[in-house]
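Counted the way my numbering counts, the sequence shown spans residues 174 to 244. Where a beta carbon is used, it is the ideal one built from N, C-alpha and C, also for glycine. Step one of this worksheet: look at the structure below.
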Amino acid sequence: MQKKRETTYKFATEKFMNKLDTPNLISKIYEIARSKLILLHEQQQKLFNNLPKPIFPEDMFEMISKKNKSS
Numbered sequence: 174m175q176k177k178r179e180t181t182y183k184f185a186t187e188k189f190m191n192k193l194d195t196p197n198l199i200s201k202i203y204e205i206a207r208s209k210l211i212l213l214h215e216q217q218q219k220l221f222n223n224l225p226k227p228i229f230p231e232d233m234f235e236m237i238s239k240k241n242k243s244s
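Spelled out as structure tokens, the structure:
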């Protein structure tokens, strides 16, 4: 039973990390930050930084999962 849990955990972790693609996300965040410095003056940067964060529905991941399964 313990072996099966470990195998399942490892499989889920690998799938999660593949979907997450952390290096790519970090690279994109860095590019956006650099673009803000180049394109926006100080007041615009302050305004941009104070924009509200996006709100995602709680069941968003379930909807995506169902959509992927039906495709």
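Tell me, to the nearest whole angstrom, how far the beta carbon of residue i is from that of residue j; I am working on the premise that it is less than 8 Å.
i: residue 221; j: residue 213; result: 6 Å
Near residue i, what residues of its chain come up, given a Cβ to Cβ distance below 8 Å and the 5 sequence neighbours on each side ignored?
i: residue 199; result: none
Which residues in the same chain as residue i place their Cβ atom closer than 6 Å to its Cβ, once the five residues preceding and following it in sequence are excluded?
i: residue 234; result: none
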